[in-house]
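Protein sequences, first through last, are from chains F and Z.
My numbering applies: residue 1 is where the first sequence begins, and numbers increase by one.
My numbering applies: residue 1001 is where the second sequence begins, and numbers increase by one.
One structure is given here, and the rest of the page talks about it.
2 protein chains.
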Amino acid sequence: MEMPQPDARALAAKDDLVRRLTEALGPDGVISAPEELIAYECDALTAYRCPPMAVALPRTTEEVAETVRICASFGVPIVPRGAGTSLAGGSLPTADSVILGVARMNQALDVDYPNRVIRVQAGMTNLAVTGAVQGEGFFYAPDPSSQLACAIAGNIAMNSGGAHCLKYGVTTNNLMGVKMVTAEGEIVEVGGAHLDPAGYDLLGLICGSEGQLGIVTEATLRILASPEGARPVLMGFSSSEIAGACVADIIKSGVIPVAIEFMDRPCIHATEAHAKAGYPLDVEALLIVEVEGSDAEIETQLATIKAVAERHSPMVMRESTSEAESKAIWLGRKAAFGAMGQLGDYICLDGTVPVATLPEVLRRTAELAEQYGLEVANVFHAGDGNLHPLIIFNANAPGELEKAEALGADLLRLCVDVGGCLTGEHGVGVEKRDLMLHQYRAPDLEQQMAVKDVFDPGWMLNPAKVFPLSMSEGRRHAEH
Amino acid sequence: MEMPQPDARALAAKDDLVRRLTEALGPDGVISAPEELIAYECDALTAYRCPPMAVALPRTTEEVAETVRICASFGVPIVPRGAGTSLAGGSLPTADSVILGVARMNQALDVDYPNRVIRVQAGMTNLAVTGAVQGEGFFYAPDPSSQLACAIAGNIAMNSGGAHCLKYGVTTNNLMGVKMVTAEGEIVEVGGAHLDPAGYDLLGLICGSEGQLGIVTEATLRILASPEGARPVLMGFSSSEIAGACVADIIKSGVIPVAIEFMDRPCIHATEAHAKAGYPLDVEALLIVEVEGSDAEIETQLATIKAVAERHSPMVMRESTSEAESKAIWLGRKAAFGAMGQLGDYICLDGTVPVATLPEVLRRTAELAEQYGLEVANVFHAGDGNLHPLIIFNANAPGELEKAEALGADLLRLCVDVGGCLTGEHGVGVEKRDLMLHQYRAPDLEQQMAVKDVFDPGWMLNPAKVFPLSMSEGRRHAEH
């Protein structure tokens, strides 16, 4: 993958820069030894690697601001990093950049139960937010598969979702405000513990902007009271198309389950071998449909859902009968990506389509996979239309990565062509920046880049992401 | 209220401009006779009036684009207008501007039930959207009190809410995409019938931007399946503070009712005299709490809510026992603003506070009203913390409007000071533009104005709104 060339002047200044950062952050706040930088040379899109010039690990918002000002004075771009779990290369370094990691800023600052909000440092992990409030019967709704590791900073950068976002929305629906350091190193606050701020919705703009408009250091998050109970149903079907049609009909019926997860045969088998979740093995596609509430609410919702599903002649329809069984079903789902790793190397895609196109998209996915001679497994948030096709390949076979990437690009183009888009929750990162011209015309991207110009005139924040390099090139490191 | 001075050059060109617009839109597409312009000299904030230079009433997106291009060629700014129901002066003309009204673009374009979306022209009224889909058992959730009259265009401009937004969110949560005419007269599409578009969230930015970033001509809206049933409970309390505390506790309990509406004594009495809704008259504050679902779901949710309310010693707790009774309760609530009109002239404010601060805010509201010697009635969406204090005054008594406005400004400052904000759903318009400096520092507003520069470099769209004139002055009508 082509990356921007390091700026010779910046590289020459490395020693001075590291000295200045060390003065500001202390010796344990800066990493610059080549052998230690290896840990930061990639994120979860491991196919691309590039060690940064240095890594800064500030402890406070003020230290983040100081880091930004120091880097700016050297003309060195910054790659913000949460926990480094991006599947789209969202925190891939460039050789001339400093990684600014917020992992040490991982504390809950205050919890306000009557207003149902928590204020946290942005390096806190997603699951730790729920951990901080579950004793009082609350939780934080967005639940990416990586929730044990991923940071709120990255969730905000990518507008992350998760299995339970069908009911509760994605990050942007659960984010009330941020404290942010601007490209100039100024500390600003956007939004707060109230509805809909006056003026333009800058908070909504910042959420999902992949760390390119500022560095979020604190977040005010909506917390919700935990439901009384929850119950999943397993439904097995004789084809992916039929399962897709069933999803569209459940959504159309108006019941909003908490989650509708989809797994196809390769995924079911790999997961069951790994996690022993009790999934049926004779079906082509499996849905996990979960509803929440009191027993009465659960019964009513499931009655509607099961009546809809019956119209699609399910091969299996099994309601969980105990908490242990429910837990096993979800542990299986959450282990699916790990289990798929046993099948070979894989690329995990992320695209979104209108729900009613699921049957067509699943059929055409299988056709494209066959054309390329590669296996594609499907495990995804079906209720949202948020697909995660996994392309399985052998990284040691010459040319297979390129073939897998070409298939991936075709599958994402398919998502756009049926009226969907390139990403649901992983973001664009470096992975999909060149595909942006399939979704947008050049003038549309120019408009988005003009918005970035407002926040980051020198294009110093998270370089080489989101936009095709051919378009952003002239803007990067512009004098300002 | 100070408004920008007309541009002499633009006024001189009026005849030429009207001729060009008439060529493009036909004689019935342009209004320019002074006696006919009176209908457009104000919106629902009737204290401020100014006839525009002319009114254009295009029928199609292409005609909107042509209108924008013609006005741009004359250097004449455009004030977009939906149904003119803004309570904040959001479509107040300036003397040198053309009103671009979308009221004739009021058709549903297509409905896609499996994907739960409808595409409509932006001049369609809010209630007509539900009307178009209710035969199939669907509805459009945001429900401003003006829903019979207000247009989707205005709902998008102001990010409108309504009584039922506690559960379903405001416009931004139900808007999937728009077709929009830019300040240059180009037609663009943003978003679509899918989750979370790639790149920056320009759709979120456009929603709530008060017609200043482009003119929305079509909208793709999320529709929802109508609930099986719904049931309101009336709760009466001996003080507004206690009712406010009860709201905070219901929200904290984790049940999300569809609506929690609040009325205080003056509002209850005026409404009951007018609408005969059966409200109790011996209480100081009334809550209407509504839940939705099957009978079983309704029973479960109401059990929790009533248990919470009992802790606040309600004087009245009456569950609706029939559909007729439920209807009467809601008719009363929807008639409240009209009923209040019988008490005198009023200003209807719109501010939002963290829910847990409701008791304090209601207490301080009463204190401030007493200091000013004015009556303030409260009727609002309590579950969201979205206040609508009505300041009652006599427009014919010299100085009373100014006094009422001063009290209004104090009440909105109070909202900001407790951690809330200047607006929930009415927008800033001209009404609150000067108060923006109480919520934001000047550099924050400069940042918002820099975003406007990207979309509308000449500041030709909806002039004199949102930002203090002292700050926007240099930018208006700038050559570009």
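Don't be surprised by glycine CBs; every beta carbon is placed ideally from N, CA and C.
Between residue 216 of chain F and residue 180 of chain F, the CB-CB gap stays under 7 Å. With distances taken between CA atoms, residue 50 of chain F lies nearest to F:42 out of F:42, F:56 and F:57. Bounds of the alpha helix (DSSP H) holding residue 1447 of chain Z are 1442-1455. Excluding sequence positions up to five before and after residue 187 of chain F, its CB lies within less than 7 Å of the CB of 61, 65, 179 and 181, all in the same chain and listed in chain order. Secondary structure at residue 1173 of chain Z: helix, using DSSP grouped into helix, strand and coil.
F:372 is the residue among F:372, F:388, F:55 and F:428 whose C-alpha sits nearest the C-alpha of residue 401 of chain F. Residue 448 of chain F counts as buried, since at least 16 other C-beta atoms from the protein chains shown sit within 10 angstroms of its C-beta.
For the beta strand (DSSP E) assignment, the uninterrupted runs of no fewer than 3 residues enclosed by the segment 54-140 of chain F are, from N- to C-terminal side, 54-56, 78-81, 98-101, 108-112 and 117-121. Counting the other CB atoms within 10 Å of its CB gives residue 395 of chain F a total below 16, which places it among the exposed residues. At a cut-off of 7 Å between C-beta atoms, residue 381 of chain F does not count as an interface residue with respect to chain Z.
Taken through DSSP and simplified to helix, strand or coil, residue 396 of chain F comes out as coil. Residue 1436 of chain Z reaches chain F at 198 and 199, counting residues in chain order whose Cβ is nearer than 8 Å. Sequence-distant Cβ neighbours of residue 134 of chain F in its own chain, meaning closer than 8 Å and more than five residues away, are 226. Counting along the chain, residue 422 of chain F sits inside no alpha helix (DSSP H), nor does DSSP assign it H or E at all. Beta bridge pairing from DSSP links residue 158 of chain F with no other residue.
Spatial neighbours of residue 423 of chain F in its own chain (CB-CB distance under 6 Å, excluding positions within 5 residues in sequence) are listed in chain order as 350.
Distance between residue 1100 of chain Z and residue 420 of chain F, taken at the CA atoms: about 32 Å.
Cβ proximity to chain Z below 9 Å picks out 112, 113, 114 and 115 from the segment 81-115 of chain F. Neighbourhood of residue 1421 of chain Z in chain F, by CB distance below 8 Å: 192, 194, 195, 196, 197 and 198, in chain order. The C-alpha of residue 379 of chain F is placed about 14 Å away from the C-alpha of residue 361 of chain F. Taking the Cα positions, residue 206 of chain F is about 10 Å away from residue 177 of chain F. Distance from residue 1118 of chain Z to residue 1221 of chain Z at the Cβ level is roughly 5 Å; contact confirmed, criterion being Cβ atoms closer than 8 Å. Restricting attention to Z:1287, Z:1341, Z:1369 and Z:1300, the CA atom closest to the CA of residue 1273 of chain Z is found in Z:1341. Secondary structure of residue 340 of chain F (DSSP, three-state): helix. Less than 7 Å separates the beta-carbon of residue 462 of chain F from that of residue 212 of chain F. Segment contact: the segment 315-331 of chain F against the segment 352-367 of chain F, fewer than three CB-CB distances shorter than 8 Å; contact not assigned.
Residues of chain Z with a Cβ closer than 7 Å to the Cβ of residue 294 of chain F are, in chain order, 1300. Taking a contact as a CB-CB distance under 8 Å, the pair residue 39 of chain F and residue 70 of chain F does not count as one, their CB atoms being some 22 Å apart. For residue 1252 of chain Z, the C-beta contacts it makes with chain F under 8 Å involve 113, 114, 116 and 225, in order along the chain. Note on residue 1015 of chain Z: under 16 other CB atoms within 10 angstroms of its CB, so exposed under the neighbour-count rule.
The DSSP assignment places 285-293, 316-319 and 345-348 as complete runs of the beta strand (DSSP E) inside the segment 275-361 of chain F, in order along the chain (cut-off: 3 residues).
Leaving aside the five residues that flank residue 1393 of chain Z on each side, the residues in its chain whose CB is nearer than 8 Å to its CB run, in chain order, 1344, 1345, 1346, 1347, 1374, 1400, 1401, 1403 and 1404.
Within chain F, the residues placing a beta-carbon under 7 Å from that of residue 1450 of chain Z are 454, ordered along the chain. Per DSSP, residue 1222 of chain Z is one residue of the beta strand (DSSP E) stretching across 1215-1222. For residue 1210 of chain Z, the three-state secondary structure derived from DSSP is coil. DSSP, reduced to helix, strand and coil, places residue 264 of chain F within a strand of the structure shown.
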